[in-house]
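Undergrad: One structure is given below, represented as structure tokens, and several questions about it will come after.
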Amino acid sequence: MRIANFDHDRIGIVQSGSVADISELIDYDPGSWPPTGMLRFIGSFDEIKPKLSEMLGRARWTPLSKVKLNCPILWPNKVIAYPANYHDHISEMKKGTGLISTFTASGQGFFLKANSSLSGPEDPIVLPPLSREIHHECELAIIIGKGGRNIGPQRALEHIFGYSCLIDVVVRGKEERVMRKSFDSFCPMGPYLVTADEIADFADIDLELSVNSELRQKANTRDLIVSVPEMIAMASSVMTLFPGDIIASGTPAGVGRLKANDRVEIRIPGVGEMMLNVTQGAEGSHAVWEKT
Ligand code: MN
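Here the sequence shown stands for residues 9 to 300, where the numbers follow my numbering.
Below, the structure written as structure tokens:
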């Protein structure tokens with residue numbers, strides 16, 4: 009099942025290029041603040057699921073071209089992100105910056121990105137006016153369904169609601185990683201959520217990213233250093249996970265520069281694809297960026 013957030017925080021099921029509005033199955037007020045309808049949908053999915061087929065039978069279907077798709081989860085409790093989580097990217101970073109191999113997700117754990125950095129499949133990536141390199145990272149997003157604490161790897165799959173495409177955008181440099189990765193629009197996710205039952209094997213998912221039709225990143229989740237279940241185990245050893253929490257699973261090799269007017273495409277077969285415009289913004293400069 010493919011679940012989208014569209015127009016003013018409406019929730020819909022996507023099938024063959026159209027979306028059916030199922031917002032009324034969820035107890036929330038679409039368009040109100042904070043936009044938490046999708047969290048309620050995910051948190052009560054087991055109760056909603058039996059009502060869905062009847063609802064879809066009488067639903068009005070609207071072509072996707074007639075709606076605006078938003079980031080599928082607008083107000084998550086947290087966006088967890090794993091750094092350096094593919095062997096080939098580690099060697100690339102070692103070459104470039106002298107980082108040592110202990111600087112991996114298995115030795116270093118995870119970090120958080122600001123939730124407000126999330127943006128949707130029809131939103132541009134807006135670059136701040138800095139004289140720094142700004143890079144793309146092609147990542148699989150894991151969406152938490154059932155929450156919990158201390159979820160062991162052998163139970164982790166029961167806690168996955170689904171998957172989505174995610175680009176982790178980052179200003180390269182030595183400042184705190186959270187600040188470099190948290191500009192507005194630095195976490196495009198979408199185009200919708202795909203429920204876990206549609207993915208045959210979480211350890212065999214292809215992902216790729218192109219800039220202006222040039223392939224920059226290509227990988228498969230079999231090459232992850234910290235596996236999907238272990239990411240959930242590690243994160244939940246520290247924090248309670250909640251329905252709708254997002255885990256960005258780390259980048260493979262091929263990270264590279266984004267410039268204004270670029271077109272970035274992320275493609276994860278079975279999960280989705282997004283084509284995003286990169287634009288130059290006016291906001292984001294601060295003296296802190298001029299110190300190094
Ligand atoms: Mn990343």
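All C-beta atoms in this analysis are idealised placements derived from N, C-alpha and C, irrespective of residue type, glycine included.
Owing to the predicted nature of the structure, the values given are computational and were not obtained by experimental measurement.
Using the rule of at least 16 other Cβ atoms within 10 Å of the residue's Cβ for burial, across every protein chain shown, is D176 buried or exposed?
TA: On the sequence shown, residue 176 is found 168 positions in, with the first residue counted as 1. Label assigned to D176: buried.
Undergrad: Considering only residues of the same chain and omitting the five flanking positions on each side of N123, which have a CB-CB separation below 6 angstroms?
TA: As a working note, residue 123 is residue 115 in the sequence shown. Only P84 and V87 meet the Cβ criterion.
Undergrad: Is T259 near the ligand MN, judged by its Cβ being under 7 angstroms from some heavy atom?
TA: Sequence index remark: in the sequence shown, residue 259 carries index 251 (1-based). T259: yes, Cβ under 7 angstroms from the ligand MN.
Undergrad: Are there 16 or more other CB atoms within 10 angstroms of the CB of H144, so buried, or fewer, so exposed?
TA: Stepping through the sequence shown from its first residue, residue 144 is reached at position 136. Result: buried.
Undergrad: Buried or exposed for P43, please, with buried defined as at least 16 other CB atoms from any protein chain shown within 10 angstroms of its CB.
TA: In the sequence shown, residue 43 corresponds to position 35, counting from 1. Result: buried.
Undergrad: Compute the Euclidean distance between the alpha carbons of L217 and D231, then round it to the nearest angstrom.
TA: Residue 217 sits at position 209 when you count from the first residue of the sequence shown. Residue 231 sits at position 223 when you count from the first residue of the sequence shown. Going from the Cα of L217 to the Cα of D231 covers about 16 angstroms.
Undergrad: Name, in chain order, the residues that DSSP records as bridge partners for R18.
TA: If you number the sequence shown from 1, residue 18 lands on position 10. Answer by DSSP bridge pairing, in chain order: F14.
Undergrad: On a CA-only basis, which of M283, D209, Q225 and F118 is nearest M197? Give me that one, please.
TA: Stepping through the sequence shown from its first residue, residue 197 is reached at position 189. Of M283, D209, Q225 and F118, the residue nearest in Cα terms is M283.
Undergrad: Would you give the residue range spanned by the beta strand (DSSP E) that G170 belongs to?
TA: As a position in the sequence shown, residue 170 is number 162, starting the count at 1. Residues I168 to I175.
Undergrad: Considering only their Cβ atoms, is the gap separating L148 from I4 smaller than 8 angstroms?
TA: Outside the displayed range of the chain (9 to 300) lies residue 4, so it cannot be described from this structure.
Undergrad: Considering only their Cβ atoms, is the gap separating I11 from Y171 smaller than 8 angstroms?
TA: By one-based count along the sequence shown, residue 171 stands at place 163. By one-based count along the sequence shown, residue 11 stands at place 3. Not closer than 8 angstroms, so no.
Undergrad: Using a Cβ-based criterion (distance less than 7 angstroms to any ligand heavy atom), does L256 qualify as near the ligand MN?
TA: For this step, residue 256 is matched to residue 248 along the sequence shown. Here residue 256 turns out to be Ala, not Leu, going by the sequence shown. Within the cutoff, so yes.
Undergrad: How close, in whole Å, do the beta carbons of S244 and I159 come, if the pair is a contact with beta carbons under 8 angstroms?
TA: To locate residue 244, count along the sequence shown from 1; it is residue 236. To locate residue 159, count along the sequence shown from 1; it is residue 151. 4 angstroms between Cβ atoms; contact.
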